[in-house]
Structure formats: structure tokens, C-alpha cells
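Notes follow once the structure below has been shown.
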Amino acid sequence: MKRSGKRFFAILTSLLMTMLLSNAAWSATAPRDLFMLSQSSKSMAEVVSAVKFFVDEENWVYLGDFKVKKGKVILVKFCVKAAGKKAWKAGLKVSAMLPCGNMGVYRKNGKTEISLLNPYYMNTLYPNPDLKAAADLLMPLYKEMMTSVVK
Numbered sequence: 421m422k423r424s425g426k427r428f429f430a431i432l433t434s435l436l437m438t439m440l441l442s443n444a445a446w447s448a449t450a451p452r453d454l455f456m457l458s459q460s461s462k463s464m465a466e467v468v469s470a471v472k473f474f475v476d477e478e479n480w481v482y483l484g485d486f487k488v489k490k491g492k493v494i495l496v497k498f499c500v501k502a503a504g505k506k507a508w509k510a511g512l513k514v515s516a517m518l519p520c521g522n523m524g525v526y527r528k529n530g531k532t533e534i535s536l537l538n539p540y541y542m543n544t545l546y547p548n549p550d551l552k553a554a555a556d557l558l559m560p561l562y563k564e565m566m567t568s569v570v571k
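The C-terminal position of the sequence shown is numbered 571 in this note's numbering, with every residue numbered one higher than the one before it.
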């Protein structure tokens, strides 16, 4: 794996571990499910291609995809500019969370499974009305994307 891919994976892992282990994170109002899950009969590569196409069509920013776990998982990262404008009102320190899609694509029980981090995780980690506004904007967009890319 390239150095940048390892760095991205380390940052994502640190973020998720902080979220899971932090008492402060769970004392905030948390969504019932921090992961949006979907399945597809498409291959992993086809799902990633569909995500790239969707992101391009919506004029979002595709940051990249990274194969990890010896190719068993593809991590996909993309950002929605309009949500970024809302989130950064909470301060530049939230750049570490950015209102970006953190997606994992992998095979499970003969199907491709897609796991997308629920955008409300940002407000769970750092309760702030601007982060909630970003998540409110992102949630319907992410739902639409998840429905689209599995077809």
C-alpha cells in the first residue's frame, strides 16, 4: 500500500477508535446507527466506479479509493463542498472530521457490502449546531447515493 493510503487508513482508524472509546462522544446525542449499510450484487470495483460516477455527477470532490486488507476492502473518500462550508463554521479544527463520506466496500456472504459512516458522527464527536446542519444536509444526499450505487 502506498504511504498516503496507509496514512489515510491510520487517520480513519484513529477517528473511529476515538469515537468508540470516548465517553464524551457517547454522552452527546448519538444516532442509533453510526453506519449506513447496503448490499449489492455488483462487484466491489463496479460499486466503486458507481460511487465515482455519482460523485462526479453531483459535483462533489472524489478524494480517492484505497485497497486495504490485501484487497479485501476498498476505502472510498469523497467530500460535499456545501456541507464543508457549513461544518467549517464550527472552526478549522473540525477539518480532521470534514463532512466527507468515509466508505468501506467489501464482500460478505457472496454480496458486495457498502458501509458508509453516518454524517451525524461529526456532531456526536463534537456537538455543534454547524456540524448538525452539515449532517442534516448530507443525510438525504448519502441516502440517495447509497440507493443509486447498488443498482
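Using N, Cα and C, we set each Cβ at its ideal position, and we do this for glycine too.
Less than 8 Å between the CB atoms is what I'm expecting for L512 and C499, so what's the real figure, rounded? As a working note, residue 512 is residue 92 in the sequence shown. As a working note, residue 499 is residue 79 in the sequence shown. In fact, because the Cβ distance is near 15 Å, the residues do not count as touching under 8 Å.
To the nearest angstrom, how far is the alpha carbon of Y526 from that of K506? As a working note, residue 526 is residue 106 in the sequence shown. As a working note, residue 506 is residue 86 in the sequence shown. Note on geometry: alpha-carbon atoms of Y526 and K506 lie some 31 Å from one another.
Grab the span of the beta strand (DSSP E) containing N522 for me, first residue to last. Working through the sequence shown from its first residue, we reach residue 522 at position 102. If you look at N522, you'll find it in the beta strand (DSSP E) that goes 520-528.
Residues near A516 by beta carbon distance below 6 Å, same chain, minus five either side: For the purposes of this step, residue 516 is identified with residue 96 of the sequence shown, where counting begins at 1. So no residue of the chain qualifies.
Count the C-beta pairs between the segment 481-494 and the segment 525-543 that are closer than 8 Å, then say yes if the count reaches three, no if not. Short answer: they touch.
Exposed or buried, G521, counting other C-beta atoms within 10 Å across all chains shown (16 or more means buried)? For the purposes of this step, residue 521 is taken as the residue at position 101 of the sequence shown. Residue burial is scored here from C-beta neighbours: G521 has at least 16 other C-beta atoms within 10 angstroms and is therefore classed as buried.
Quick check on V500: does DSSP put it in helix, strand or coil? Position 80 of the sequence shown holds residue 500. The answer is coil: DSSP assigns V500 none of H, G, I, E or B.
E564 burial status per 10 Å Cβ neighbour count (16 or more: buried): Locating residue 564 in the sequence shown gives position 144, where the first residue counts as 1. Classification for E564: exposed.
Could you check the C-alpha separation between S447 and T567 for me, to the nearest Å? The count along the sequence shown starts at 1 and reaches residue 447 at position 27. The count along the sequence shown starts at 1 and reaches residue 567 at position 147. Because the pLDDT of S447 is 36, which lies under 50, any placement of that residue in the model is unreliable, and the question is left without a value.
Taking buried to mean at least 16 other C-beta atoms within 10 Å of its own C-beta, is N543 buried or exposed? Within the sequence shown, residue 543 is the residue found at index 123, counting from 1. Under this definition N543 is a buried residue.
Note down, one range per segment and in chain order, each alpha helix (DSSP H) of at least 4 residues found wholly within the segment 448-490. Within the segment 448-490, the complete alpha helix (DSSP H) runs of at least 4 residues fall at 464-477.
Can you give the Cα-Cα distance for Y482 and V471, rounded to whole angstroms? The residue you call residue 482 lines up with position 62 of the sequence shown. The residue you call residue 471 lines up with position 51 of the sequence shown. Y482 and V471: Cα-Cα distance of roughly 9 Å.
Sort V569, G484, M559, K571 by Cα distance to D453 and report the nearest one. Here the question's residue 453 lines up with position 33 in the sequence shown. D453 has its Cα closest to that of M559, out of V569, G484, M559, K571.
With DSSP as the reference, label K552 as helix, strand or coil. In the sequence shown, counting from the first residue as 1, residue 552 sits at position 132. In the three-state DSSP reduction, K552 falls in the helix class (H, G or I).
Closer than 6 Å by C-beta to A554: which residues in its own chain qualify, once you throw out the five before and the five after it? Chain order, please. Numbered from its first residue, the sequence shown carries residue 554 at position 134. So the list reads A503, K506, A507, P519, once near-sequence residues are dropped.
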